[in-house]
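S.K.: Supplied in structure tokens, the structure appears directly below.
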Amino acid sequence: MYHREIINESLIKLNFHANTKEDVLKEIADIAFNAKRVESAEAYFNGMLERERTSTTGFGGGIAIPHAKIDAILKPTISVIKLREAVDWEAMDDKPVQLIIALAVPANQEGTLHLQLLAKLSENLMEEKFTGSLLSAKTKNEIYQIITSIFE
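The numbering of the sequence shown is the UniProt record's numbering, which starts it at 1 and goes up by one.
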């Protein structure tokens, strides 16, 4: 799995203003669509929304990992949005979320790649140094370097 194929700086957005979790999910879907990673922004948005209805992806510590595994996804993708102000995400720790790391995985790769990406991210998000670095990152390149470092 090559990180350059999964994430790049065009899939990272900083200082985004959102009022709701849905606003963030729509922006994630648009980013993936504009990068030609999904056939339909609406399908990806609905896939993430459906996953949120199952249980929150608000990981805690100001971070959420929304994800979807659907046929409309063309390429496995990690997108990152850092919000200007945190939004309510109904996170596990009941705190608002400021950093969103979204996963998009084609349905035919859901059992393998999806679990690998989620496991690697979750494992690293338990590390204070990793989360602190992401939350304090000021540029797209910093975020890109931090995320890709866990896949090397």
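We treat Cβ as the ideally placed atom computed from N, Cα and C, and that holds for glycine.
Give me the residue from Phe130, Ile28 and Ile65 with the minimum Cα distance to Ile12.
M.R.: Position 12 of the sequence shown, counting from 1, holds the residue named residue 12. Closest by alpha carbon: Ile28.
S.K.: Could you tell me the boundaries of the alpha helix (DSSP H) in which Lys140 lies?
M.R.: Residue 140 sits at position 140 when you count from the first residue of the sequence shown. Its alpha helix (DSSP H) spans residues Lys140 to Ser149.
S.K.: For Arg84 versus Asn15, is the C-beta distance shorter than 8 Å?
M.R.: Stepping through the sequence shown from its first residue, residue 84 is reached at position 84. Stepping through the sequence shown from its first residue, residue 15 is reached at position 15. Their beta carbons are under 8 Å apart, which means Arg84 touches Asn15 by this criterion.
S.K.: Is it true that the region 53-60 meets the region 85-93, where meeting means three or more beta-carbon pairs spaced less than 8 Å apart?
M.R.: In short, these stretches touch, since the Cβ pair count reaches three.
S.K.: Which runs of the alpha helix (DSSP H), 4 residues or longer, sit entirely within the region 18-81?
M.R.: List check, alpha helix (DSSP H) in window: 21-34 and 41-54.
S.K.: Quick one: Cα of Leu117 to Cα of Ile147, how far?
M.R.: Against the sequence shown, residue 117 aligns to sequence position 117. Against the sequence shown, residue 147 aligns to sequence position 147. Each residue's alpha carbon lies about 11 Å from the other.
S.K.: Answer yes or no: the CB of Ile100 versus the heavy atoms of the ligand SAM, is any distance below 7 Å?
M.R.: Only the bare structure without any ligand can be found here, which leaves the ligand SAM out of the picture.
S.K.: Taking the alpha carbon of Ser122 as the point to measure from, which residue in Ala32, Ala107, His67 and Ala35 has its own alpha carbon closest?
M.R.: In the sequence shown, residue 122 corresponds to position 122, counting from 1. Closest by alpha carbon: His67.
S.K.: Return the CA-CA distance between Ile143 and Leu103, expressed in angstroms with no decimal places.
M.R.: Position 143 of the sequence shown, counted from the start, is the residue given in the question as residue 143. Position 103 of the sequence shown, counted from the start, is the residue given in the question as residue 103. Straight-line Cα distance between these residues: approximately 15 Å.
S.K.: Starting from Leu135, follow the alpha helix (DSSP H) in both directions and report where the run begins and ends.
M.R.: Taking the first residue of the sequence shown as 1, we reach residue 135 at position 135. First-last of the alpha helix (DSSP H) with Leu135: Glu128 to Ser136.
S.K.: Straight-line CA distance for Ser55 to Ala64?
M.R.: Along the sequence shown, read from residue 1 onward, the residue named residue 55 stands at position 55. Along the sequence shown, read from residue 1 onward, the residue named residue 64 stands at position 64. Their Cα atoms are separated by approximately 12 Å.
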